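Order-wise, the sequence lines are chains B and X.
Under my numbering, the first sequence has 3 at position 1, and the numbering climbs by one with no breaks.
Under my numbering, the second sequence has 263 at position 261, and the numbering climbs by one with no breaks.
Note that beta-carbon positions come from the ideal geometry of N, C-alpha and C, so glycine has one too.
None of these values were measured; they are calculated from a predicted model.
There are 2 protein chains.
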Amino acid sequence: MRKIDPKRFKIAKRHTSREINRQIALTLIRTHQPVSRADLARLMGTRRGVVSILVNELLAEGLIFEGATGEGGGRGRKPTFLYIDSRERYVIAVDIRATRTYLMATDLLGKPLVGITSFSTNRTLGILISNLSQKIRSIVADHKAVATCQGVGVVVPGMTDPKSGRVLHAPTLGWRNVNLKDPLSTAIDLPVHIENSGRACALAQVWASRDHAHIGDLAFVSVSDGVGVGIVVNGEILRGQHNIAGEFGHVPLSIDGPRCSCGATGCWEAYVSNLATLSRYFGRNPNEQKPMSAEMATFTIEDLVSRARNGDGKALAALHSTGRYLGLGLASIINAVDPGRLYIGGEITAAWDLIESSVKAALAERALTDLAARTEIRTVSVEEHPRLRGAAALVAAPAFAAPMVA
Amino acid sequence: MRKIDPKRFKIAKRHTSREINRQIALTLIRTHQPVSRADLARLMGTRRGVVSILVNELLAEGLIFEGATGEGGGRGRKPTFLYIDSRERYVIAVDIRATRTYLMATDLLGKPLVGITSFSTNRTLGILISNLSQKIRSIVADHKAVATCQGVGVVVPGMTDPKSGRVLHAPTLGWRNVNLKDPLSTAIDLPVHIENSGRACALAQVWASRDHAHIGDLAFVSVSDGVGVGIVVNGEILRGQHNIAGEFGHVPLSIDGPRCSCGATGCWEAYVSNLATLSRYFGRNPNEQKPMSAEMATFTIEDLVSRARNGDGKALAALHSTGRYLGLGLASIINAVDPGRLYIGGEITAAWDLIESSVKAALAERALTDLAARTEIRTVSVEEHPRLRGAAALVAAPAFAAPMVA
DNA sequence: GTAATATGTCTCTTCTTTGGACAATATCCC
DNA sequence: GGGATATTGTCCAAAGAAGAGACATATTAC
């Protein structure tokens, strides 16, 4: 039961029905391919005649293509199978991180076309844009003959306003209220979409093409330098009134806890970020000003995990502790928005087998019902590049999205 | 950008466009009444001809009525004004609380028709249903001549599953997984809608008819024995996968804090519930098992507030403390879902002038941006009966809701 | 009184789903 | 091999709905 917004409603025009059904057909082709017109008619509960019109429209636009007539199975005329056409269009995904910036090109379904390239991030906006557009232009030039670029999706570790294309605040980059979209867009002459990396990761999971069982309500928790969270409600990214929705990283576990980079104390992030885990291992107060030892400065979570695997009890304890705090925070997410599934990303997932029990025990401690405590948790490894896949989805997904209506 | 659910999509049928525009017209009549057909055509950006058809449909169904031709202002034929017809239909709202159960009848816009009646709550389900249906039948009999009852909305202090009509867990009533809807519905032969009271309060604000500026994203925080929260996203109540979404009352402020009724420790509820505030005043550990003094047992928040107003420094300090914790928790809500507006209900609102500064200061401490810290907060006094208004909205609102599409 | 103007209804056109017919296959079974 | 049966995709007429504009009605300006 949704209330119609008396200021921002959308009237049903003459084309609206067609638009809706067209997108449904496209979605079903996407999730069920290979699929015939007759199959679609059965799935949609309409006549084959309408489906034919819809399909011909999609064919004319080049969004889908007809494959060879497939094996029907029973008797009767064999069906012509339909597929999403992922050859002529592609998108470029960009992941800007504090130290390096990563690029990838994918088709509309998120399948990578070329390997991931990267370069060192220069935090001066002008230089970064210049470096970036050079790389992008090179990719575009390479593909000019076969396909056209639909746009560039850029994810940033910080708060963003996708509408204006501004990065509101990215602490690790030292950016505050900078317009990233417009200068980049003019430099490369392509549409640019900006988004926070946590949300983009969530987006990547929503649109993950393999997932037949669509989960319209999910949360993605990305644990690395900070904790980024993306929430999806009703198949739509939750952005909130000020573009800060989903910042569970700064919901407290203990208001008297350690100081967080955001200025407040006891944020979840201050307990489970990579730095927090490492500090715990070194028995160091993360707020301390005194310089780190050489070992500490270069020591990574990967190192910690391998030590834990090799029998370092202190390392294992530090991981378990992080696992526990992770679970406590996940319980907050469940109690707050109760998503159908939780995804965890970040370096810590490499140690998931070690910490899963701690996570689940902590979750059960605070979840309000048994069923909620058993909310499915899936890890997304660093190698799956959820941020880049999310960046790609920023550009590719709108072609498949539901039209705004009512 | 919303993903279409490949399992639960809704095709656009021949009637769909009409349905959508009909509901938009109805919404606009609701929010802009008195309004003419020509006004609607301008608001909707369509021809007057289409509006006429939609309006005639709504007239035939008795949802709206034509008033006297109004003053146009300029020259030309005078418009015939349209209004929501709130005479022929009404709904019954029920608020079941631990000690008393309240009833009210309202029209479709939520305007009370008869005064609020109440009776002592008997926690034995059968007896309560019997008592309740007696009262309901009496109201129905009183109105039989003039109007028909559309249904009964029931709100409960606990977790509910509106679909099945079951109360999953209501600690203060001692109910666990009881079917409230079906037996009540058969007893009174009317449709029954069950909902958690926090969510219902949020619903009441969404559908508050005065509010021209529709806020599609809001949170309602109801502070009393416990802390109930209702979240609205995109004009729709957030229920979550297990019907526990919005339970911010059990998101921690400090995991090492006082024990909460839910079994966990340091929940927001354990800091700001009425009991927590009173315990703070009496310098008593709320988890203590030792019996309360006679004074403490009968002392209420209202008493505390009046003492604070009369110069009791300890009372004022206890309230300020609650205000601070309230603000810290509100910051969590803002960081998590970033609603456009926060509503606060409960007895504590009577002391809002005393604690507002504490609330806002605490909120500013933890909010991630200045803009977010300035999220509008509105109080809803106990006299406005938000729970009952929400219960009414459960039944009345579907008539105005947007149709499910795509 | 006449011109100007706004409202509400009506008609015709265009777009879209609905229902059914039909040709084009392909298999089953005798 | 041939007829019966079944399935796919297309086509056509019907009906629902928005778009565009004409027209009668009602009211004020001058």
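- Of all residues in the stretch 28–45 of chain X, those with a C-beta nearer than 7 Å to a C-beta of chain B are T29, L30, T33, reading in chain order.
- Here E197/X carries a strand assignment [DSSP, helix/strand/coil].
- Straight across, the Cα-Cα distance linking E21/B with C269/B is about 44 Å.
- Just so you know, the alpha carbons of M46/B and G160/B end up roughly 41 Å apart.
- The three-state reading of DSSP puts L65/B in coil, since its state is none of H, G, I, E or B.
- Shown in chain order are the members of the stretch 167–189 of chain X whose Cβ falls below 8 Å from a Cβ of chain B: L170, H171.
- Cβ proximity to chain B below 7 Å picks out R4, K5, I6, D7, P8, K9, F11, I13, A14, T18, S19, I22, N23, Q25, I26, T29, L30 from the stretch 4–30 of chain X.
- Bounds of the beta strand (DSSP E) holding M106/X are 102–108.
- Secondary structure note for M46/B: its alpha helix (DSSP H) is the uninterrupted segment 39–46.
- Looking only at F301/X, L321/X, A299/X, R212/X, the smallest Cα-Cα distance to H34/X is reached by R212/X.
- For A172/B, the enclosing beta strand (DSSP E) covers residues 168–172.
- Near chain B, meaning a CB-to-CB distance below 9 Å, the residues of the stretch 255–266 of chain X are L255, S256, I257, D258, G259, C264, G265, A266.
- Using a Cβ-Cβ cut-off of 8 Å, F121/B is close to nothing in chain X; its nearest Cβ partner there is about 29 Å away.
- Between the beta-carbon of T108/X and that of S120/X there is about 16 Å, and that puts the pair past the 8 Å contact cut.
- The stretch 342–362 of chain X makes contact with the stretch 375–392 of chain X, as at least three CB pairs between them are under 8 Å.
- When Cβ-Cβ separations below 7 Å define contact, L373/X makes contact with chain B.
- Collapsing the DSSP output to three states places P114/X in a strand.
- A residue is called buried when at least 16 other Cβ atoms come within 10 angstroms of its Cβ; K183/B meets this threshold and is buried.
- Under the three-pair Cβ rule at 8 Å, the stretch 242–249 of chain X does not count as touching the stretch 239–259 of chain B.
- In the structure shown, F402/X falls within a helical segment according to DSSP collapsed to helix, strand and coil.
- Under the three-state reduction of DSSP output, L84/X falls in the strand class.
- Beta-bridge partners assigned by DSSP to I98/X: T103/X.
- Chain order gives the chain X residues near P405/B as A408, where near means a beta carbon separation below 7 Å.
- Secondary structure at S211/B: coil, using DSSP grouped into helix, strand and coil.
- As far as DSSP is concerned, S360/X takes part in no beta bridge.
- In the DSSP annotation of this structure, the continuous segment of the beta strand (DSSP E) that includes D163/B starts and ends at 161–163.
- Identification of chain B residues near F284/X by a Cβ-Cβ cut-off of 8 Å yields none; the smallest Cβ-Cβ distance measures about 23 Å.
- Between H195/X and L396/X, the gap from beta carbon to beta carbon is short of 7 Å.
- Taking 7 Å as the CB threshold, L127/X stays off the interface with chain B.
- In this structure, V361/B sits near L328/B, with a CB-CB distance shorter than 7 Å.
- Burial is judged here by how many other beta carbons sit within 10 angstroms of a residue's own beta carbon; K5/B has at least 16 and is buried.
- When rounded, the separation of the alpha-carbon atoms in K12/X and C151/B is 32 Å.
- V208/X reaches chain B at K5, counting residues in chain order whose Cβ is nearer than 8 Å.
- Here C264/X is not bridged, per DSSP, to any residue.
- Under the three-state reduction of DSSP, L175/B is assigned to coil, being neither helix nor strand.
- At least 7 Å separates the beta-carbon of V229/X from that of S334/B.
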